[in-house]
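These notes concern the structure reproduced below.
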Amino acid sequence: MSKELKTGIVAVVIIALFIWGYNFLKGQDLFSANSRHFFVEYNNINGLNEASQVTINGLKVGKVDQIVFNNSAEKKGNLIVKISLATDFNFSKNSIAKIYSASLMGGQNLAIVPKYDGETAVSGDFLKGEVESDIFSSVGEKLNPIQAKLENVLVGADSLLIGLNQILDEKSRKSLNRSIVGLEGTVNGVRKTLSSVNSLLVDNKTNLDSTLKNTKKITDNFSKVSEDLVKANLGETVKKLESTLANVNGLLANMKAGKGTLGKLMTDDKMYTNLTNASKEMEELLREMKLNPKRFVHFSLFGKKAKPFNEDNNTKNVSNK
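Its first residue numbered 60, the sequence shown is counted upward by one per residue in this note's numbering.
And the structure:
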């Protein structure tokens, strides 16, 4: 082999190694053919660059090959990212290609969030793109509203203090100081009152305990009474009472209608008159027996007759002697 041939072979090997090393540093492996490639469109790639890793569920499956602007008039300014996958893992066209922060020091990678519903994605398809906020952006997004609110609060507090300074002149401040001193005295009075109440409770602890015990006994007795009432079958008693009242109502109704002896006595004037006359005659008879007992029990050896009834004397309650 000639010297010139050897030099040519070495030069070709060096050039090949240089090209391979250059592409390797860019993230391209010339000895590994990428089987599929996909496209994703973004408004902002947030620092993503060519040769950034592409992962699925945390596993590196490819890289970013190319980032170019969209030449379409409607979407001018948008960026189209071409990614290459060295895996035959299947997912649907509804999968999401999400740009995320690789570390706190910076750098962006792209993760495919696989979905399996719908048509399977094939090489050359467009996937849906999303950009995940990094930790600093997230903190900034959350702090911005808080900062705005805090600024509003500080402005309001400043206005309030200015208003207070304008309202509280020297005389008002002295009055406010006197009010605070008075309030302090009131608080001290309340403390003394509470202390007195505590002392009273301590001194009467025995009486309070006795009162609570008596209250407990009373409640226990009420509980027993309620149990006795439940056991007494009040429902049956009420039913019997209702039946008795119904009978009494029927009896009163019969009396009002003139049925029975009591009913006739209440409604028959003639019977009432007869009873009144009989009562009057009985009264006269008893009076006569008291005034002239000899007319009813008479005994005489000589055949002396008893004196007859004298209505005038009887009425005057005078004996017939």
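Glycine is no exception: its CB is placed at the ideal position from the N, C-alpha and C atoms.
Residue i versus residue j: straight-line alpha-carbon distance, rounded
i: residue 134; j: residue 187; result: 15 Å
i: residue 283; j: residue 300; result: 24 Å
i: residue 115; j: residue 73; result: 36 Å
i: residue 215; j: residue 240; result: 29 Å
i: residue 160; j: residue 209; result: 30 Å
i: residue 170; j: residue 127; result: 19 Å
i: residue 125; j: residue 113; result: 13 Å
i: residue 96; j: residue 77; result: 26 Å
i: residue 150; j: residue 203; result: 38 Å
i: residue 168; j: residue 62; result: 49 Å
i: residue 333; j: residue 315; result: 20 Å
i: residue 231; j: residue 238; result: 10 Å
i: residue 269; j: residue 262; result: 13 Å
i: residue 274; j: residue 303; result: 39 Å
Where residue i falls, given that 16 or more other Cβ within 10 Å makes a residue buried
i: residue 122; result: buried
i: residue 213; result: exposed
i: residue 338; result: exposed
i: residue 305; result: exposed
i: residue 154; result: buried
i: residue 111; result: buried
i: residue 107; result: buried
i: residue 67; result: exposed
Cutoff 8 Å; reference residue i; Cβ partners in own chain excluding five residues on either side
i: residue 313; result: 319, 322
i: residue 118; result: none
i: residue 132; result: none
Residues near residue i in its chain [Cβ-Cβ closer than 6 Å; skip 5 each side]
i: residue 236; result: none
Inter-residue CB distance, residue i and residue j (contact presumed, cutoff 8 Å)
i: residue 148; j: residue 172; result: In fact, because the Cβ distance is near 13 Å, the residues do not count as touching under 8 Å.
i: residue 152; j: residue 177; result: 6 Å
Contact the stretch 183-192 vs the stretch 209-227: 3+ CB pairs below 8 Å: no
Segment contact flag, the stretch 175-184 with the stretch 139-154, C-beta cutoff 8 Å, min 3 pairs: These segments touch.
Meets three-Cβ-pair contact criterion under 8 Å: the stretch 132-142 and the stretch 99-115: The answer is yes - the stretch 99-115 touches the stretch 132-142, with three or more Cβ pairs under 8 Å.
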